[in-house]
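Participant: Sequential numbering of the sequence shown, starting at 1, is according to the UniProt record's numbering.
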Amino acid sequence: MDKSIIDNFYAVSANECLEIVSDSLFYVYDCPQTKQSIITLKKPDEQHFKTVNINSKPIRFLSVDNCMFFGGDGKRCDFILYDEITFCFIELKEVKKDEHKKRKNSKRIAEQQLLAVIELFQGKIDLSDKVLEAYLCIGYTSTRPKILSKSQRAKKDFVKLKTKLYDSCQKQF
Numbered sequence: 001m002d003k004s005i006i007d008n009f010y011a012v013s014a015n016e017c018l019e020i021v022s023d024s025l026f027y028v029y030d031c032p033q034t035k036q037s038i039i040t041l042k043k044p045d046e047q048h049f050k051t052v053n054i055n056s057k058p059i060r061f062l063s064v065d066n067c068m069f070f071g072g073d074g075k076r077c078d079f080i081l082y083d084e085i086t087f088c089f090i091e092l093k094e095v096k097k098d099e100h101k102k103r104k105n106s107k108r109i110a111e112q113q114l115l116a117v118i119e120l121f122q123g124k125i126d127l128s129d130k131v132l133e134a135y136l137c138i139g140y141t142s143t144r145p146k147i148l149s150k151s152q153r154a155k156k157d158f159v160k161l162k163t164k165l166y167d168s169c170q171k172q173f
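1) With distances taken from CA atoms, which of Asp45, Leu81, Gln33, Lys162 is nearest Asn66?
2) Once DSSP output is grouped into helix, strand and coil, what is the label at Val12?
3) With DSSP as the reference, identify every bridge partner of Arg60, one or two as the case may be.
4) May I ask you to report which of helix, strand or coil DSSP gives Val28?
5) Per DSSP, which one or two residues make a beta bridge with Ile138?
6) Pick helix, strand or coil for Leu114, following the three-state DSSP scheme.
7) Terminal residues of the continuous beta strand (DSSP E) containing Thr51?
8) Where does Gln33 fall in DSSP's three states?
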């Protein structure tokens with residue numbers, strides 16, 4: 001899978017967007033300075049996505065926004081996590097607890113960003129043997145359990161792409 005991604009997306013190797021992580025617990029957040037998703041082992045103060053890797057197996061981290069693609073390339077999700085079975089597209093949006101309207105709008109934008117990257121990847125790479133998941137990490141906490149999105153409007157688009165859509169800020173491999 002790594003070779004296929006590198007062959008189809010030049011920027012992955014040129015910008016060093018792909019990393020392999022085997023830690024049992026790690027976090028991903030958008031760096032305020034570079035606007036690029038990065039991995040850390042320490043829980044960051046910023047909005048973040050928590051990854052629990054029970055067996056400490058190799059997980060691929062692919063930074064998408066501001067690494068593979070930049071501002072002029074259209075809307076893209078923040079990053080992708082994958083192993084030999086599962087391919088996860090993730091979008092982070094920081095929204096405060098009391099900003100319900102902003103949360104709803106951020107969710108719609110995030111859905112479009114996820115759909116754009118899923119369609120792009122499916123057009124260039126054979127993902128037919130992977131379990132596809134998309135994560136809307138919208139809000140202020142990573143402790144919410146993984147739940148399927150309740151948005152019927154969004155579900156239709158993701159079902160067409162054979163992708164499960166989750167409202168969650170954590171993934172367990």
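All residues carry an ideal CB built from backbone N, CA and C; glycine is no exception.
Since we're looking at a predicted model, the values are computed, not measured.
Facilitator: Considering the structure as presented:
1) Gln33
2) helix
3) Ile20, Tyr82
4) strand
5) Lys93
6) helix
7) 48-52
8) coil
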